[in-house]
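Chains as they are written, first to last, in this note's numbering: chain A, 39 to 305; chain B, 166 to 422; chain C, 83 to 442. Down below is the structure, laid out as structure tokens.
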Amino acid sequence: MSSTRTTRAPWFLLVPGLLALAFLIAPLLALLWRAPWGSVLDIMRSPVALDALRLSMITATAATILATVLGVPLAWLIAKSQLPGTGIVRALVLVPLLIPPVVSGVALLAAFGRRGALGGFLYDTFGVQLPFTTAGVVLAEAFVAMPFLVIAVEGGFRSLNSQFEEAADTLGASRWTIFRRITLPLIAPALGAGMVLCWARALGEFGATITFAGNFPGVTQTMPLAVYEALESDPSVAIALSLLLILICVIVLVMLRGRFLRPLAAT
Amino acid sequence: MSKPRSVVAASSALLALLAWSPAQAAPTPTAPSGTITVSAAASLTDVFPVIAQAFMKKYPGTTIKFNFAGSSTLVQQVIAGAPVDVLATASEPTMWTAVNAGHAGKPLLFAKNTMAIAMPPGNPARITGLASLSRDGVLVAECAVALPCGAAARDLLVKNGVTVKPVTLELDVRAVLAKVMAGEVDAGIVYVTDVRSVRPMVSSVTIAAAQNVTTTYPIAAVNDSDNPTAAQAFVNYVRFTPSAQGILRAYGFAKPW
Amino acid sequence: MTVVADFALKRGEFTLQIDLTLRAGEVTAIVGPNAAGKTSVLRALAGLEHINAGVISMDGVVMDDAHRVFMPARDRGIGLVFQDYVLFPHLSVLENVAFGPRSHGVSKVKARATAMHALQQLHISALAARRPGSLSGGQAQRVALARALATAPRLLLLDEPLAALDVQTKNELRASMVARLREFTGCSVIVTHDPVDAMLLADRVLVIEAGHVVQDAPPAQIAAFPHTPYVAALMSLNLIRGTAGNGEITAADGSSVQIADPYLSGPAAAVIRPESVAVHRARPEGSARNVWSAVVTLVQPLGDNVRIHMEGASSMIATVTAAAQSELALAPGMTVWTSVKAVDIRSYPLSSGSQVSPAE
């Protein structure tokens, strides 16, 4: 008998589903329970916390911008290319997703460190050093987060009906106009989802950041690093900082109101 | 009267014997056996397994598992109820936190460590001593102040009146070493034992005893251990046996007294 | 404006061979069976596909020479109406139509004015602020046409423009399209499978079958003198092809039909309108010279008449009144007799360009 009411979930889905929800929420609730509510505001206003928060926001956003500027063209190339090596390229792009972040950090040092393959050249010729700088943090975060953006946007390009671009072509539009006025707007949902994922991943990055860029308040100590360091001296401070970070993420996600996360389900 | 006097004499002798005995408990009547988990500071990563081998050879039937991490982390794990039998930290304050929280028994100081400067092989930045570290453009790595090695490094610099702005405050003394070995920094302030353990891969500068800073390592049995016999046996072994102390010496640790 | 195209296009296993000349003000319809390559011809003219051999040139300038010269669609000055319209879903109707002029560098204000004018010409200016997703099929079709015309192209290409519409909308739009195409000063090409489109909209019909142009003539001529069974079927006509001589045409399978023209000889075709075919339950007597037996395959009511499809020596279609059908009670599987008077048969010679195919 069908009805117009919403379907009630069958027990073999409801029970595991609720268990999963409990599993995901329990640590967050435990944090709230253990939080040092007396001093939480002071901790959140302390220079260490504010420095780390500001640095995290700036580097995650910068990393996302970098990942977008580089990643969208890469995604386009992978999606549109007919060449046989494309599958390998896509697999390589996914590598930072699979390896432990510390390994990413080690690899970044090997490439961009003072004695690295490219970094050595930069240092000897221009005196530019990327480790221990905020730019280095941005680089590390972009490295681990860019694959999310590339995969999401590539999916967007591939599922785009090529006739839209053909129609624009017949109407006299240049390739840049087609890309700007037709292609990009039509993949905006996929791009948005990719950027949100990328930003979130960059914000939470720890291993690659500390291995490549080091840890120094105000320069390279992002929130995750500050939390880990606080664990060494005062766990309640670590909990307060963790809550601050979670609070910021929740605010951002609520602001986006799931608008960009829905295409993720479709990707 | 000889009898009361002999009783007094005997009791005094016994008391003296007990007072002189450094162990906190009477010698264990049975040999240790079974498994114990030892949480030890990161700087003991190389030396403790060797001591454990010797212990397990002396007492077959025992197995020792290790858990190495920063001292504060280890203490928090113990306070949170981690199933650990022995705790060895790199500073007394960290140990006292565990003791005051009622999770560790009486600690014994079993070793001392001093600081040294480690440089990449070949010493490209020509570091000759603490004063070199404050030169313009020299990149120095230290441990974070919350770590015993970081606190010691800061004390060292303050004691010698050297101002250094490090480029990174690592959360693990091994990470400092890693950056030095990779040549990403010009120098790192680490323990003397760390330099010894990676000797061909770093150059180093010794700091004279008068200028140096000492850290002390305590070890204690954890309360509510499942195997208190073996735990205490290991604690005593590390502190009192010549073989354990000899191994510590070989790795660069100084005498605890 | 003249388009001269003589090219070959590889379509999977077979090659399309096209030779056509389009003149300004002329509307050419391209008809043919599915997968004949009609859309590919359009795409090649548009510059969305490369030809494999030959040349396409417009006004003397080479667009595509299958080697180094290839002018992309944006530079050819063409307008294309896609089969599913392909309106940009994120732009309003007005912005869609203004897209072409804006891409040519026209200012936003001017482009919108041009777009508005184009919408008015098709009587859809009220839709300007709507989104393509909210339009009906007929409305979307007109927006697509307005969008293609807004750039004042010299070559207008329409791919099955009325295919996706219901009959009533189709008829309405066809009428307005006739008017619009009459006014259009450039060349127009319509790909269609609907013979009514070809008859009403085109000045010239190109029939493509199996990769070749099999007939190129004004619609009236196609209807009167189809060269292939496909065209005949398109026009709902019966066609017999063969060799004429002594007042009869003999087909490749040996069957023959008596025609009225005693002088016709050589390759020839005979067209018989379904209305001229009489159907009998028993072998008829009388003056009709052409009498064949056949088996009924389909009985198809069409308004007041009934269309009878039969198979015999060849396929035949006959149209009878509903009254006649109720009397005859024809049903599939029945064996019947057909008769046609020779004077009701139109016969004509076939040019060498439309050979009798071996399959006949």
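We put the CB at the ideal spot given by N, CA and C, even for glycine.
Under the three-state DSSP convention, the category residue i falls into
i      : result
B/W261 : helix
A/T215 : helix
A/V257 : coil
A/A180 : helix
B/H268 : coil
C/Y167 : coil
C/Y345 : coil
A/E5   : Because chain A is modelled from 39 through 305, residue 5 of chain A falls outside the range shown and cannot be assessed.
C/S429 : strand
B/L239 : helix
B/K223 : helix
C/A197 : helix
C/G327 : strand
A/F150 : helix
A/V53  : helix
A/F250 : helix
C/E442 : In this prediction, C/E442 scores a pLDDT of 36, lower than 50, which makes its location untrustworthy; the coordinate-derived value is nonetheless stated afterwards. C/E442 falls in the coil class under three-state DSSP.
A/A303 : Bear in mind that the predicted position of A/A303 carries a pLDDT of just 46, short of 50, making it unreliable; the figure below should be weighed with that in mind. It is helical.
A/L121 : coil
Backbone CA spacing between residue i and residue j [nearest angstrom]
i      : j      : result
C/D426 : C/F89  : 41 Å
C/A376 : C/L91  : 41 Å
C/D101 : C/D241 : 19 Å
C/G348 : C/V137 : 35 Å
C/T443 : A/V234 : In the structure as shown, chain C begins at 83 and stops at 442. Residue 443 of chain C is therefore absent and cannot be evaluated.
A/S274 : B/A316 : 20 Å
C/H132 : A/A231 : 37 Å
B/A409 : B/S256 : 19 Å
C/P300 : C/K423 : 28 Å
C/E158 : A/G210 : This sequence places Arg at residue 158 of chain C; Glu is not what is there. Whole-angstrom Cα-Cα distance: 8 Å.
A/T258 : A/A100 : 14 Å
C/R229 : A/D207 : 13 Å
A/R196 : A/K118 : 7 Å
A/W114 : A/W237 : 20 Å
C/F181 : C/V287 : 32 Å
C/V339 : C/R323 : 10 Å
B/T200 : B/M221 : 10 Å
C/S439 : C/P308 : Model confidence at C/S439 stands at a pLDDT of 40, short of 50, so the residue's coordinates are unreliable; what they give is reported in the following sentence. Straight-line Cα distance between these residues: approximately 14 Å.
A/P301 : A/P227 : Here the model assigns A/P301 a pLDDT of 48, short of 50, so the residue's position is not dependable, and the following value carries that caveat. Cα-Cα distance, rounded: 6 Å.
From the options, residue whose alpha carbon lies closest to that of residue i
i      : options                          : result
B/K330 : B/M346, B/V338 and B/I354        : B/I354
C/E95  : C/A315, C/P383 and C/G293        : C/G293
C/R213 : C/A245, C/S185 and C/S174        : C/S174
A/A190 : A/A278, A/W71, A/I116 and A/A101 : A/I116
B/G348 : B/L334, B/G326 and B/A283        : B/A283
C/E265 : C/L231, C/A246 and C/V296        : C/L231
C/D248 : C/A228, C/Q223 and C/A261        : C/Q223
A/M184 : A/L62, A/T221, A/T106 and A/F164 : A/T106
A/F250 : A/V175, A/G157, A/L69 and A/D80  : A/V175
C/G119 : C/Q99, C/V353 and C/A351         : C/Q99
A/P111 : A/F217, A/L91, A/D80 and A/E204  : A/F217
For residue i, the residue or residues it bridges with in DSSP
i      : result
C/V287 : C/A111 and C/A299
B/N278 : B/T380
C/L239 : C/L162 and C/V271
C/S421 : C/A360 and C/V373
C/P383 : C/V388
C/D101 : C/D88
C/H186 : In the DSSP output, where bridge partners are listed per residue, C/H186 has none listed.
Residue burial classification, residue i (beta-carbon count within 10 angstroms, cutoff 16)
i      : result
B/E307 : buried
B/A375 : exposed
B/Q241 : buried
C/G435 : Unreliable positioning characterises C/G435 in this predicted model, as indicated by a pLDDT of 48, which lies under 50. The coordinate reading is nonetheless provided below. Classification of C/G435: exposed, given that the 10 Å Cβ count is below 16.
A/S271 : exposed
C/D141 : exposed
C/K190 : exposed
C/V225 : buried
C/A441 : Because C/A441 sits at a pLDDT of 39, beneath the cut-off of 50, its placement in the model cannot be relied upon, and the following sentence gives the value as read from the coordinates. Exposed, by the Cβ-count rule.
A/M293 : exposed
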